[in-house]
Amino acid sequence: MAPKVPPQPTLEQSSTAAEAGHGHAHHAPPKGILRWLLTTNHKEIGTLYLIFSLTMFFIGGIFALVVRLELFQPGLQFVRPEFFNQMTTMHGLIMVFAAVMPAFTGLANWMIPLQIGAPDMALPRLNNFSFWLLPVAFCLLLSTLLMPGGGPNFGWTFYAPLSTTYAPPSTTFFILSLHIAGISSILGAINIIATILNMRAPGMRLMDMPLFVWTWLITAFLLIAVMPVLAGVITMMLMDINFGTSFFNAAGGGDPVLFQHLFWFFGHPEVYIMILPAFGIVSAIIPTFSRKRLFGYASMVYAVAAIAILSFVVWGHHMFAVGMPLVGQLFFMYATMLIAVPTGVKVFNWVATMFRGSISFEPPMLFALAFVVQFTIGGFSGLMLAIAPADFQYHDTYFVVAHFHYVLVPGAIFAILAGAYYWLPKWTGHYPNERLSQWHFWLSVIGVNLTFFPMHFSGLAGMPRRIPDYALQFADFNLASSLGAFIFGFSQLLFVALIVLCVRGGKKAPAQAWGDYATDLEWSVPSPAPLHTFETPPTFERPAH
Amino acid sequence: MRTLLVWLAGGLTLVGSSQVALANGWNMPVGVSTLSGEIYGLHMTIFWICVVIGVVVFGVMFYSLFKFRHSRGAKASNFHENTTVEVIWTIVPLLILVGMAVPATATLQKIYDPSEAELDVMVTGQQWRWRYEYLGEDVSFISNLATPRAQINGEEARGEHYLLEVDEPLVLPVNRKVRFLFTSDDVMHAWWVPQLAVKQDAIPGFVNENWVEIQEPGIYRGQCAELCGVDHGFMPIVVHAVEEEEFDTWLAERKEAAAEEAMGIDREWEMDELMERGEGIYSSICASCHQPEGQGSPPAFPALAGNEQLISDKDWHVNKVINGVSGSAMPSFRNTLNPVELASVLTYTRNAWGNDTGEVVQPAEIAERLEE
Amino acid sequence: MSRNESEVREAGVRRTVWRTVAALVGMFAFAFALVPMYDAFCRLTGINGKVDTTAQAIVNEEVDESRMVTVQFITRNGTGLPWRMEAETRQVRLHPGQTSEIYFTFSNQSGAESWGRAVPSVSPSKATRHVRKTSCFCFEEQQLQAGERIELPLVFQLARDLPPEVHTVTLVYTLYPVEGRHQPLQAEVQTKQGEEA
Amino acid sequence: MWEVVKSVLAAFLGVQREQQRLKDFEKGNPVAFIAVGIVMGAVLVGLIVLVASLAAG
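Encoded structure:
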């Protein structure tokens, strides 16, 4: 019962032939580099975001491999500690701000207009501008590595006073690049909110939107609320470093703990920004391949909305060891526990969707299943970290590193990969190569677990975070982690090969690439999706959810 | 029936091996302080709760994946909502967590109990070492990493306590409540000893309080747990917990040694006495930035060997060491080194690596300079 | 899409954009508003050992003879200020409700006049609100000529309603250079030293 | 109004019935839900602070 849509010209024809049925003159679109530089088409900009995110994922990955190379064995073999600190910091910054967030924005740019039946984003030119801010921001950030005094070496959380009074001279460039990246995210969020609220196909109300669109709407609201706070913090840092104020400098009456409160007030909603779209993607994939409707769709919608509000009151659990009074510790412990339940429990919805379903294991489903299992492991270690007295032993150790990598790597990144495999037939018109994706999946799963599971033990045994060298009792865990890191790192090259093959050839994919259980609007458009879709908005009958 | 046995055997070996693993060095230490056992208990309770929930959730999931495979012709049923089930699987974890919150609150209240302590120790974090002051006892010393640089760079075999050994450990009495006051002279550090289950940030300009009561004598090792710059991984903590009488005698000895050192200030020291002592202090404190041969790594850490400014202007050199340079990594050693130590390291740096100015800096001169 | 439908849509988009921009400006202002709010909250609850930097009046309440509290004084010299700060005594034993006066000696070891400020911090943080200072050198920046040596008083009252479980209160003063305060005279001296450093 | 508050509380728990969702989206306007959500959030925070200060004793 997919909604009936007038036949659309395919990609090749539409970019050359004049638009069918439209009066306005359509000058031939520019060719080559100019096409990508000036594009205002949400599909092309989505592709730009995804390619940028993949390149940054490899750059961040290289930094991680340098870190793991040094930590392969006790002793300083390859890099000096100053450079090691720059590598850990840049790895964090690139992965969070340049790989995961742009990847989700890319998927949003591609899929939101298609899923709500809109011809394009609400503000196409703003869309182009917010993409092209990113390469500028992160070339600037990467260039700080070559500046005298080296790049940022104070951790991706850039705590004062290490990041203000004792920071290398390149810190001002770091602040500028974060400002530009922040502005890009803010403009993207404005665009997405304006599109979702105003450009849905007639007949489609807020409640008929697919879960990916709903989670992205909530994420966009979080971005609007939190990115200005990050901008505020780095502006205060800039004034502390260059203009002699002392927001965070105890000497002038400031307070370094104020920095941590401000940073984590931004930081915790930021980690929800990185996981909610993943919830949306997985909630689209699992029902499709279980051939069964998502269990408790309403609960998912409401829980995601509640997270948007509750995620603002739990930032203190990042600061249990900073010396908060007892009332503060208890408040943040209770608040974190209360919010952990509605979030963690969403995993049961996916399991219930699979229960008594009819499950097949195409690549997107493989990654979605791996997401569910490993994200839950990350959720459990998160639950353990919420216990404040125990956090005195976990805080700033590799147990925390294991926690957030389990939630981010098999969490956000596997969800992005699952989204890519799921929508590649729609983007390219070909199915991803089955054999290659199997290899990519199993190598990634082995690599991820071999890398991050031993970190639980090295952390519990007492290995602190961000150290370039360690005592002998942590040697075996780090050996395994480094081995796993190289396996996981190089297995991502398979994904690149797979994308290239998929774009060029492979099994042709029909409009409804994954069977008739994928009922969202994007499957009503032919694959590969033509450059201009839904010029005339589709009539939308409300499928019972 | 057979599959059940296989599953049972598999489960038992898993639990057995995990017990063995958890025992030696894979898990949080049970610790030796009054509270570390409770914290370990909380950790293991929440761990086993998560394992049980995990087994149930993944069991249902893998069962469904196995049983309802499309390829085996499984037909999808049509239920997609059951609020009662959802309420149950939300309330149950909520109750479990509220159950966990009660003991956690109790333990946290004990951690925050500011009752009377018999011994107060001020712990000050500096860029890349710890300074301990026994308040009211006039005993204070710096605790530096004792692992030689050669071991770190792989030229020598690594010792048993590689990177977890210091030249002056913190000596504490057993069965006495010790109150810690944490602060920092430059950036944020965090003082953490896993066996004592104490971790507290040291924040410049502010003081944090914590306490410990050690129950077993022994040597307990820890590290800085907050990124603080280049040598964050090279500022370990070693606590020697000794019997109470042994501690009292040690403290008396140290007090007397400090007093005697203070006495020795006004006598005339020999050049080689100061040079030999100065070399020890230089290698443990100054070498990490100015490098063992004094070549430094400019522009961040200036070279001392053949430094014209240093050789020609002794007053400038003394001022730099005593008052440090604000806004740079050079701390003030005014009240971290006593006059004898200051005189030794100044004499050493003015006469080592070819700087031979021939001048001897006398402790009396430094003491008078400090008292100005 | 007919003309008025697209107009309605444009109007909707414009309205949404302006609302989000308003929200953005609001959140940015909120980030900066958090700084004074944090200060006020700290002073109100006394967390993080932030003590009032304004004089408070002594409340004449009768002294609680039943318990004694040790008040410790610790002085620390921050980097880059050639001064020395010593408390007259290391600790004092008081009854809650009593007032006490302690002298701190400041001496400027360098050959140049300079400005410094003592940053206070109290531990345990729950005792902060119960330390009422009537006069303290930490209220304003101090100026010392070359080699000058002065004694400044700290007069405070330990409130009677100090929580019973608190037995020891530690007052820590960290001395920091004040860079901002350059008189012209001071400026040349500073730059001369600047070239040498 | 009471309908909205009930839905927001259900959201905090993370559980909701399908037809309640349809009713909420049908006639409820989003601004009311957001406002009540923030207010209920503040109430929840107040509640936790109360419990924490009691527990802290």
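Chains as they are written, first to last, in the UniProt record's numbering: chain A, 1 to 545; chain B, 1 to 372; chain C, 1 to 197; chain D, 1 to 57. Yeah, the Cβ is synthetic: ideal placement off N, Cα and C, and Gly gets one too.
*Run down chain B in chain order and give the residues with a C-beta less than 7 Å from the C-beta of residue 568 of chain A.*
For chain A, the structure presents residues 1 to 545; residue 568 of chain A sits outside this window and is missing.
*So, are the CB atoms of residue 111 of chain C and residue 177 of chain C less than 8 Å apart?*
no
_So if DSSP puts residue 126 of chain B in a beta bridge, which residue, or which two residues, is it bridged to?_
B:129
*According to the Cβ coordinates, are residue 163 of chain A and residue 150 of chain A closer than 8 Å?*
no
*If you drop the 5 nearest sequence neighbours on each side, which residues of the same chain put their C-beta closer than 7 Å to that of residue 80 of chain C?*
177
*Using 8 Å as the Cβ pair cut-off and three pairs as the minimum, do the segment 335–352 of chain B and the segment 275–295 of chain B touch?*
Output reads yes: the segment 275–295 of chain B touches the segment 335–352 of chain B.
_Below 8 Å, how does it come out for the segment 410–424 of chain A and the segment 458–471 of chain A: are there three or more Cβ pairs, yes or no?_
no
*asked:* Check this for me: beta carbons of residue 269 of chain A and residue 331 of chain A, under 8 Å apart or not?
replied: no
*Go to residue 128 of chain C, then tell me how far its beta strand (DSSP E) extends in each direction, as first and last residue.*
Boundaries cannot be given for residue 128 of chain C, as no beta strand (DSSP E) includes it and DSSP labels it neither H nor E.
_Closer than 8 Å to chain A by CB, residue 52 of chain D_ = yes
*Taking the alpha-carbon positions, what's the residue 45 of chain B to residue 95 of chain A distance?*
34 Å
*asked:* Here's the rule: buried if 16 or more other CB atoms are within 10 angstroms of the residue's CB, otherwise exposed. What is residue 200 of chain B?
replied: buried
*Who are residue 213 of chain A's beta bridge partners in DSSP?*
Its beta-bridge partners do not exist; DSSP assigns none.
*asked:* Here's the rule I'm using: 16 or more other beta-carbon atoms within 10 Å means buried, otherwise exposed. How should residue 275 of chain A be labelled?
replied: buried
*Since residue 179 of chain A meets chain C, which of its residues come closer than 8 Å, beta carbon to beta carbon?*
Under the 8 Å cutoff, chain C gives no residues; its nearest Cβ is about 12 Å from residue 179 of chain A.
*Mind listing, in chain order, the continuous alpha helix (DSSP H) runs of no fewer than 4 residues lying wholly within the segment 417–495 of chain A?*
434–460
*Where do the N-terminal and C-terminal ends of the alpha helix (DSSP H) with residue 145 of chain C fall, by residue?*
Premise fails: residue 145 of chain C is in no alpha helix (DSSP H) and is neither H nor E.
*According to a CB-to-CB cut-off of less than 8 Å, which residues of the segment 124–147 of chain C neighbour chain A?*
125, 126
*Count the other CB atoms within 10 Å of the CB of residue 546 of chain A; is the residue buried (16 or more) or exposed (fewer)?*
The shown model of chain A, from 1 to 545, leaves out residue 546 of chain A, and the question about it has no answer.
_Within 8 Å of any Cβ in chain B, is that where the Cβ of residue 13 of chain D sits?_
Yes, residue 13 of chain D counts as interfacial toward chain B.
*Between residue 546 of chain A and chain C, is there a C-beta pair that is closer than 8 Å?*
The shown model of chain A, from 1 to 545, leaves out residue 546 of chain A, and the question about it has no answer.
*In angstroms with no decimal places, state the Cα-to-Cα distance between residue 55 of chain C and residue 124 of chain C.*
Rounded to whole angstroms, residue 55 of chain C to residue 124 of chain C spans 21 Å at the Cα level.
_Per DSSP, cross-strand counterpart(s) of residue 359 of chain A_ = B:69
*Contact check, residue 50 of chain A vs residue 36 of chain A, beta carbons under 8 Å*: Result no, Cβ atoms of residue 50 of chain A and residue 36 of chain A do not sit closer than 8 Å.
*Report the partner residues of residue 189 of chain B according to the DSSP bridge assignment.*
B:202
_Rounded C-alpha distance that separates residue 458 of chain A from residue 193 of chain B_ = 15 Å
*Note down the Cα distance separating residue 61 of chain C from residue 318 of chain A, rounded to an integer number of angstroms.*
Counting only the Cα atoms, residue 318 of chain A lies some 42 Å from residue 61 of chain C.
*Can you have a look at residue 148 of chain A and say buried or exposed, based on whether 16 or more other CB atoms are within 10 angstroms of its CB?*
exposed
*Mark residue 139 of chain A as exposed unless 16 or more other C-beta atoms lie within 10 angstroms of its C-beta, in which case mark it buried.*
exposed
*Can you give me, in chain order, the residues of the segment 75–99 of chain B that have a beta carbon less than 7 Å from any beta carbon in chain D?*
81, 83, 86, 87, 90
*Report yes if the CB atom of residue 61 of chain B is closer than 8 Å to the CB atom of residue 372 of chain A, and no otherwise.*
yes
*Quick one: does residue 105 of chain B have its CB under 8 Å from some CB of chain D?*
yes
_Within 10 Å of its beta-carbon, does residue 147 of chain B have 16 or more other beta-carbons around it, so buried, or fewer, so exposed?_
buried
*asked:* Output needed for residue 25 of chain A: all residues of its chain with C-beta closer than 7 Å, excluding positions within five of it in sequence on either side, in chain order.
replied: In this prediction, residue 25 of chain A has a pLDDT of 45, which is less than 50 and means its spatial position is unreliable; what the coordinates show is noted afterwards. For residue 25 of chain A, where only same-chain residues beyond five positions count, there are no Cβ hits under 7 Å.
*Unbroken beta strand (DSSP E) run spanning residue 195 of chain B, endpoints*: No beta strand (DSSP E) contains residue 195 of chain B, which DSSP labels as neither H nor E.
*asked:* Measuring only the C-alpha atoms, how far is residue 22 of chain A from residue 536 of chain A?
replied: Because the pLDDT of residue 22 of chain A is 38, which lies under 50, any placement of that residue in the model is unreliable, and the number read from its coordinates should be weighed accordingly. The straight-line gap from Cα to Cα measures roughly 10 Å.
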